[in-house]
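Trainee: Below is the structure I would like to discuss, written out as C-alpha cells.
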Amino acid sequence: MRIGSQQHRDAFCRHFVQTYTDYDPHTLPWPELDDAALQRLRAVPFWEEVFYTERRAGAIVAAFTQTVTDPVLRDALALQGEEETRHAKLIRVMIEKYGLDAPERPLEDISDNIERRFKDFGFGECLDSFLGFGLFKIAFQAEFLPREMLKIFETLMYEETRHIVFFVNWMAYTEARRGWLARTALPLTSLHYYLRALVRMMGLAKRGKELNDGKNFAATQVSMFLDGFNFRKFLEDCYSENSRRMGAFDPELLRPSFLPQLTEVALRAMRLWSARSKLEPDQALSR
Numbered sequence: 235m236r237i238g239s240q241q242h243r244d245a246f247c248r249h250f251v252q253t254y255t256d257y258d259p260h261t262l263p264w265p266e267l268d269d270a271a272l273q274r275l276r277a278v279p280f281w282e283e284v285f286y287t288e289r290r291a292g293a294i295v296a297a298f299t300q301t302v303t304d305p306v307l308r309d310a311l312a313l314q315g316e317e318e319t320r321h322a323k324l325i326r327v328m329i330e331k332y333g334l335d336a337p338e339r340p341l342e343d344i345s346d347n348i349e350r351r352f353k354d355f356g357f358g359e360c361l362d363s364f365l366g367f368g369l370f371k372i373a374f375q376a377e378f379l380p381r382e383m384l385k386i387f388e389t390l391m392y393e394e395t396r397h398i399v400f401f402v403n404w405m406a407y408t409e410a411r412r413g414w415l416a417r418t419a420l421p422l423t424s425l426h427y428y429l430r431a432l433v434r435m436m437g438l439a440k441r442g443k444e445l446n447d448g449k450n451f452a453a454t455q456v457s458m459f460l461d462g463f464n465f466r467k468f469l470e471d472c473y474s475e476n477s478r479r480m481g482a483f484d485p486e487l488l489r490p491s492f493l494p495q496l497t498e499v500a501l502r503a504m505r506l507w508s509a510r511s512k513l514e515p516d517q518a519l520s521r
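Quick note on this note's numbering: the sequence shown kicks off at 235 and runs consecutively.
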C-alpha cells in the first residue's frame with residue numbers, strides 16, 4: 235500500500251470508523267469508592283488540567299474538520315472530534331460524581347492557524363499517550379484505584395491509541411500528497427513537532443505545579459507509584475505497553491515510531507552501561 239494513495243486514505247479512515255465504540259459516559263459502570271480510594275482520587279492534582287485539555291482537544295479537532303474538503307477524511311475527523319468531546323464529558327461526569335476539585339476554565343482562542351494547532355495537538359497526543367501507557371501500567375499494578383475504575387480509564391486509553399494511529403497515518407498521507415520534498419522531510423517535520431510537544435509538556439508541568447500548590451500527592455499516595463520505581467523500568471513499561479497496544483491494529487497501518495525507536499536506543503544504552511558498571515568491579519577484584 236503506497237503511503238499517500240487513495241487506498242491508504244481509505245484504509246486508515248475505514249479502520250478508524252469501524253473500531254468506533256458507542257457509549258454514554260453517564261451510564262458507564264462507575265463504582266462506589268470507599269473512603270481511601272476516594273481520597274486518592276481527589277488527591278490527584280491534575281484533574282483540572284485533564285478536563286481543560288480534553289475540552290480543548292474537542293474544539294481543535296472540530297474546528298480543523300471544518301477546513302477539510304475531502305469527504306472521507308472529514309467524516310473520520312468529525313468522528314474523532316466527537317470522541318474527544320465525549321472524553322471531556324466523561325471527565326466531567328467523574329468530577330461531578332466524586333466531588334473532584336476541577337473547575338471548568340474558559341478555553342483559549344484557537345481560531346488562528348488551525349492546521350498547525352491540529353498538528354501540535356496530534357504530536358502532543360502521541361507523546362502523552364506513550365508516557366501514559368507506562369504510567370497506566372504502574373497505576374494498574376499498584377491498584378491505585380479499584381479495577382472497575384481503571385477499566386473505565388482503559389476505554390480512554392484505547393481510544394487515545396486509535397487517535398494517534400489515525401493521526402500518524404493522516405500526517406504521512408498529507409505530507410506525501412504535498413510532494414516528494416515534504417514526504418522526504420517528514421522525519422524532520424515530526425522531530426520539530428515532537429520538540430514543540432516536549433516544550434509544552436514542560437510548561438504544563440510548571441503551570442500545574444503553580445496551580446496545584448498545596449494539593450500535591452501525600453507521601454503515602456506517591457509511594458504507591460514510586461515504590462521500587464526507576465527510570466529504566468518506566469521506559470521499559472512505556473515501550474512494552476506501546477508495542478502491546480499497537481499490536482492490536484491493522485498491520486498495514488503506520489504507527490508512531492519516533493518515540494519507540496528513541497526509547498529502544500536509550501534502553502540499549504542503559505543496559506550496556508549497567509553491564510559495564512557490573513563488569514568493572516569484577517575486573518578490579520580479579521586483579
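Cβ coordinates follow ideal geometry from the N, Cα and C atoms, glycine included. If you're wondering where the values come from, they're calculated on a predicted model, not measured in any experiment.
Sort 370, 287, 384 and 358 by Cα distance to residue 342 and report the nearest one.
Mentor: In the sequence shown, residue 342 corresponds to position 108, counting from 1. Closest by alpha carbon: 287.
Trainee: Distance check for residue 294 and residue 424, CA to CA, integer angstroms please.
Mentor: Translated into the one-based positions of the sequence shown, residue 424 becomes position 190. Translated into the one-based positions of the sequence shown, residue 294 becomes position 60. Taking the straight line joining both Cα atoms gives about 19 Å.
Trainee: Using a Cβ-Cβ cutoff of less than 7 Å, which residues in the same chain neighbour residue 236 once the five nearest sequence positions on both sides are dropped?
Mentor: Position 2 of the sequence shown, counted from the first residue, corresponds to residue 236. If we look at residue 236 and ignore the five residues flanking it on each side, its Cβ neighbours are 242.
Trainee: Short check: CB of residue 355 to CB of residue 250, under 7 Å?
Mentor: Counting from one through the sequence shown, the residue named residue 355 turns up at place 121. Counting from one through the sequence shown, the residue named residue 250 turns up at place 16. No, the pair does not count as a contact, with Cβ atoms beyond the cut-off.
Trainee: Should residue 246 and residue 298 be called a contact, given that it needs their Cβ atoms to be closer than 7 Å?
Mentor: For the purposes of this step, residue 246 is taken as residue 12 along the sequence shown, with counting starting at 1. For the purposes of this step, residue 298 is taken as residue 64 along the sequence shown, with counting starting at 1. No, the Cβ-Cβ distance between residue 246 and residue 298 is not below 7 Å.
Trainee: Taking the continuous alpha helix (DSSP H) assigned at residue 392, which residues delimit it?
Mentor: On the sequence shown, position 158 is the one that residue 392 refers to. Counting along the chain, the alpha helix (DSSP H) containing residue 392 begins and ends at 381-411.
Trainee: Can you give the Cα-Cα distance for residue 500 and residue 511, rounded to whole angstroms?
Mentor: Along the sequence shown, read from residue 1 onward, the residue named residue 500 stands at position 266. Along the sequence shown, read from residue 1 onward, the residue named residue 511 stands at position 277. If I take the Cα positions, the gap works out to 16 Å.
Trainee: Please classify residue 357 as buried or exposed, where buried requires at least 16 neighbouring CB atoms within 10 angstroms.
Mentor: One-based indexing of the sequence shown puts residue 357 at position 123. Buried, by the Cβ-count rule.
Trainee: Report the CB separation of residue 327 from residue 244 in whole angstroms; it is logged as a contact under 8 Å.
Mentor: Reading the sequence shown from its first residue, position 93 is the one you call residue 327. Reading the sequence shown from its first residue, position 10 is the one you call residue 244. Not a contact, Cβ separation roughly 35 Å.
Trainee: Go ahead and pull the three-state DSSP assignment for residue 354.
Mentor: Numbered from its first residue, the sequence shown carries residue 354 at position 120. Correct three-state label for residue 354: helix.
Trainee: Could you tell me the alpha carbon to alpha carbon distance between residue 280 and residue 414, rounded to whole angstroms?
Mentor: The residue you call residue 280 lines up with position 46 of the sequence shown. The residue you call residue 414 lines up with position 180 of the sequence shown. The straight-line gap from Cα to Cα measures roughly 42 Å.
Trainee: Look up residue 301 in the DSSP assignment and say whether it is helix, strand or coil.
Mentor: Your numbering for residue 301 matches position 67 in the sequence shown. Coil, per DSSP.
Trainee: Rounded to the nearest angstrom, how far is the Cβ of residue 282 from that of residue 336, given a contact under 8 Å?
Mentor: Locating residue 282 in the sequence shown gives position 48, where the first residue counts as 1. Locating residue 336 in the sequence shown gives position 102, where the first residue counts as 1. Confirmed, Cβ separation roughly 4 Å.
Trainee: State the Cα-Cα distance for the pair residue 345 and residue 290, rounded to the nearest angstrom.
Mentor: Translated into positions along the sequence shown, residue 345 becomes position 111. Translated into positions along the sequence shown, residue 290 becomes position 56. When rounded, the distance between both Cα atoms is 12 Å.
Trainee: Is the beta carbon of residue 359 closer than 7 Å to that of residue 386?
Mentor: Looking up residue 386 in the sequence shown gives position 152. Looking up residue 359 in the sequence shown gives position 125. No, they are not a contact pair.
Trainee: Which same chain residues, not among the five before or five after residue 363, have their C-beta less than 7 Å away from its C-beta?
Mentor: Mapped onto the sequence shown, residue 363 falls at position 129. Closer than 7 Å at the Cβ level, and outside the excluded window around residue 363, lie 394, 395 and 398.
Trainee: On the DSSP letters alone, give me the boundaries of the alpha helix (DSSP H) that residue 418 sits inside.
Mentor: Sequence index remark: in the sequence shown, residue 418 carries index 184 (1-based). Unbroken alpha helix (DSSP H) run through residue 418: 414-418.
Trainee: Apply the 10 Å Cβ neighbour rule to residue 334 and answer buried if 16 or more other Cβ atoms are within range, or exposed otherwise.
Mentor: Start at 1 with the first residue of the sequence shown, and residue 334 comes out as number 100. Residue 334 should be labelled buried.
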